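Here the structure is laid out as structure tokens; the discussion comes afterwards.
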Ligand SMILES: Nc1ncnc2c1ncn2[C@@H]1O[C@H](COP(=O)(O)OP(=O)(O)OP(=O)(O)O)[C@@H](O)[C@H]1O
Ligand SMILES: [Mg+2]
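Residue numbers (the numbering used here): 32 to 275.
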């Protein structure tokens, strides 16, 4: 049984079909990439799956349970966590306190939540900064904090929305290793990413969106040469992301 199945998922904003009759499945243990041009509907898919938006049509089944219409915190408790494209930690709270908020979703008992938060903060490499206010972190550390907050909820499925955007090559390499380690620990991952080299290297399978519709799906090597994908998206971006 797939960990997540979305069928006929649709969302309109006024006259705009942001997501149109999308079918998508994520297998248990899979790392799936979700790519496509700006405005293709990728973040909207995350908002639908995580309960921040309610679809106009379609069904979403997580681990055998339909989750359509459930609020984000209930979906989170069922094992789905996501990061935000625009990272927004509580700026005056420390790194540890921010992560503790995520941990409380999973362990309501305060001492356990704190222990869990510490462990996750160390895991993403923010241990030395656990007492720093989140607002004082660099972008790379804010991205790691965003990951930690999601991880602290103990997800079976983690949705990552452009966690590499704005990072330098060294920082990207660090976060790729971190994503690999999280995946290896048994968490299934759905990854939105414009960095083609990274998404091709990480994903076992890739779904391509354009104007809200799935235009292709397959192994990274197939997607890289798929005529529709090159035409709608990869052409310019892929060349830009290719190694020098
Ligand atoms: N809350 C909203 N209200 C109205 N329109 C929206 C809303 N959210 C997204 N849109 C529109 O829906 C379309 C899809 O947006 P979405 O953010 O899902 O794209 P994306 O694939 O994540 O793009 P990017 O790669 O730039 O992050 C865009 O045209 C966007 O302007
Ligand atoms: Mg987006």
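Positions of the beta carbon are idealized from the N, C-alpha and C atoms, including for glycine.
Just so you know, these numbers come straight off a predicted model, no measurement behind them.
CA-to-CA, the gap between residue 171 and residue 211 works out to about 17 Å. Residue 109 and residue 90 do not touch by the CB rule: their CB atoms are close to 15 Å apart, not below 8 Å. The beta-bridge partner set that DSSP reports for residue 42 consists of 50. With a cutoff of 8 Å on beta-carbon distance, residue 213 and residue 229 are scored as not near each other. One thing to note: residue 219 has its Cβ within 8 Å of the Cβ of residue 187.
A direct Cα-to-Cα measurement between residue 71 and residue 161 gives close to 36 Å.
In the three-state scheme derived from DSSP, where H, G and I count as helix and E and B as strand, residue 84 is classed as coil. Taking a 10 Å sphere around the C-beta of residue 81, we find 16 or more other C-beta atoms and assign the residue as buried. At the C-beta level, residue 165 and residue 122 come within 8 Å of one another.
In this structure residue 262 is exposed. Its beta-carbon is surrounded by fewer than 16 other beta-carbon atoms within 10 angstroms. Checking the 7 Å criterion, the Cβ of residue 115 is out of range of every heavy atom belonging to ligand 1. Relative to ligand 1, even the nearest heavy atom lies 7 Å or more away from the CB of residue 83. If you ignore the 5 residues before and after residue 130, its C-beta comes within less than 6 Å of the C-beta of 148, 151, 152, 179, 180 and 183, all in its own chain and listed in chain order. In the three-state scheme derived from DSSP, where H, G and I count as helix and E and B as strand, residue 147 is classed as helix.
DSSP, reduced to helix, strand and coil, places residue 172 within a helical segment of the structure shown.
The beta carbons of residue 223 and residue 193 sit closer together than 8 Å. Straight-line spacing of the CA atoms in residue 246 and residue 159 works out to 44 Å. Among the bridge pairs identified by DSSP, residue 96 is matched with 93. Residues close to ligand 1 by the beta carbon criterion (under 6 Å to any non-hydrogen atom) are, from first to last along the chain, 44, 47, 49, 67, 69, 70, 71, 72, 73, 74, 75 and 116.
Nearest C-alpha to residue 167 among 56, 253, 45 and 125: 125.
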